[in-house]
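The numbering used here puts the first residue of the sequence shown at 36, with every later residue one more than the last.
Note that beta-carbon positions come from the ideal geometry of N, C-alpha and C, so glycine has one too.
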Amino acid sequence: MERGLISVDRWAEGSQAYFLTHLHADHTRGLTSAWSRGPLFCSRLSAKLLPSKFPGFDLSLLRVLDVGAWHSLSLLSPSSAADTLVRVMPLDAHHCPGAVMYLFSGHFGSLLYTGDFRWETTSEKANRSRDMLVKALNGSRVNALYLDNTYCNPSYSFPSRRDAAQQVVDIIASHPKHHVIIGIDTLGKEDLLVHIARVLKIKRVQHKGKESGKEHVRVVRAEASVEVNDLIDSTRKGRKCGTVGVSGVYMSRASASRRRRRGAKIMEDISAD
Ligand SMILES: [Zn+2]
């Protein structure tokens with residue numbers, strides 16, 4: 036694709052349309068609250084989360100794209116200055132809240148930009164996305180693939196997200212007299228927290244607000260992006276910990292390592308804090 040048309044997770048000037056795959060820091064380098072280089076296209080959930088990462092962001096520059104739908108953009112070809120139509124379809128990347136891949140179609144053919152993704156064969160959600168992609172291609176092939184190959188090496192062998200979540204639940208359940216510390220440093224553990232809350236029937240998350248010094252109660256809801264926002268807030272504002280029901284504590288990684296340095300165990304009763 037020629038330069039000067041679109042950018043994905045790249046925030047230098049010179050493009051007519053900017054696309055965000057997701058809000059992890061390594062994909063937003065160069066993006067700031069003072070962004071004014073052009074329209075920013077992203078998923079509905081990323082648009083909702085973006086202001087908490089970039090307070091004061093000019094929301095009139097946000098363009099929300101629905102997952103699984105084609106969207107058309109009328110742009111100018113940088114080389115010929117002629118109008119050119121670019122179509123784009125976001126697909127759920129199954130990575131963190133709001134994360135999408137982008138399938139582009141235009142005079143350059145079909146281009147798939149994956150960003151970070153986790154299309155496990157055992158995930159219904161990922162399989163739905165894969166079916167969407169096949170349907171969108173309608174028998175044709177992708178002409179250019181921008182593949183994020185993090186952890187693609189066979190030397191990395193991770194359990195599925197479902198298995199990992201079950202392992203965490205098993206650990207918590209087998210230590211009923213302990214508080215369990217889960218470090219949250221960025222977006223991505225929301226599904227795990229919701230899974231823990233659901234399976235262990237924990238309904239409340241209590242946060243200790245550093246700034247106020249008193250506990251804040253957050254309700255964990257499966258569908259709630261409010262919950263996601265709360266988690267981001269608690270991370271961004273440096274809140275250190277919170278209690279899930281009777282046995283869970285959320286704590287920042289920095290705080291956990293400070294405790295480790297003090298010789299404390301990761302699993303411990305901190306109810307006296
Ligand atoms: Zn990521």
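Residue environment, residue i, which counts as buried when at least 16 other CB atoms sit within 10 Å
i: A257; result: Because the pLDDT at A257 is just 31, under 50, the model does not fix this residue reliably, and the value given afterwards should be weighed accordingly. Classification of A257: exposed, given that the 10 Å Cβ count is below 16.
i: H142; result: exposed
i: S209; result: exposed
i: A47; result: exposed
i: T12; result: Any property of residue 12 remains undetermined from this structure, which presents the chain solely from 36 to 308.
i: G174; result: exposed
i: P125; result: buried
i: E180; result: Looking at the sequence shown, residue 180 is not Glu but Leu. The residue is exposed, with fewer than 16 neighbouring Cβ atoms inside 10 Å.
i: Y53; result: buried
i: A134; result: buried
i: E37; result: exposed
i: S109; result: exposed
i: S50; result: buried
i: F139; result: buried
i: W105; result: exposed
i: S287; result: With a pLDDT of only 38 at S287, under the threshold of 50, the placement of this residue in the model should not be trusted; the figure read from the coordinates follows. Its Cβ being crowded by 16 or more others within 10 Å, S287 is buried.
i: A200; result: buried
i: A232; result: buried
Nearest-angstrom beta carbon gap, residue j and residue i [assumed within contact, 8 Å]
i: G150; j: T56; result: 3 Å
i: V102; j: L146; result: No, V102 and L146 are not in contact; Cβ-Cβ is about 18 Å, not under 8 Å.
i: P74; j: L94; result: Contact doesn't hold; Cβ gap of about 11 Å is too wide.
i: H182; j: H59; result: Contrary to the premise, residue 182 reads as Leu rather than His in this sequence. About 17 Å; that fails the 8 Å criterion.
Reduced DSSP secondary structure (H/G/I, E/B, other) of residue i
i: R122; result: strand
i: A69; result: coil
i: M36; result: coil
i: L138; result: strand
i: S287; result: Legend: pLDDT at S287 = 38, less than 50; position of this residue unreliable, value from coordinates given subsequently. Three-state result, S287: coil.
i: K245; result: At K245 the pLDDT is 35, less than 50, meaning the model places this residue with poor confidence and gives no usable figure here.
i: A128; result: coil
i: S164; result: helix
i: L80; result: helix
i: A232; result: helix
i: A208; result: helix
i: V317; result: Missing from the structure shown is residue 317; the chain here goes from 36 to 308 and no further.
i: L111; result: strand
i: S87; result: helix
i: A52; result: strand
i: R64; result: coil
i: R153; result: coil
i: L227; result: helix
i: L58; result: coil
i: L222; result: coil
i: I305; result: Confidence at I305 is low in this model, with a pLDDT of 28, below 50, so its placement is unreliable and the value that follows should be read with caution. Of the three classes helix, strand and coil, the one that applies to I305 here is coil, per DSSP.
Residues that residue i bridges to, as DSSP identifies them
i: H106; result: V123
i: L97; result: L75
i: G14; result: Beyond the ends of the chain as shown, which are 36 and 308, falls residue 14; an answer cannot be given.
i: Y191; result: Answer is none; Y191 lacks a bridge partner.
i: Y186; result: The partner list for Y186 (beta bridge, DSSP) is empty, contrary to what the question assumes.
i: S42; result: Y53
Flag this pair as touching only if the region 151-159 and the region 74-92 have three or more C-beta atom pairs under 8 Å; answer yes or no. no
Count the CB pairs spanning the region 161-177 and the region 119-131 that are closer than 8 Å, and state whether there are at least three. yes
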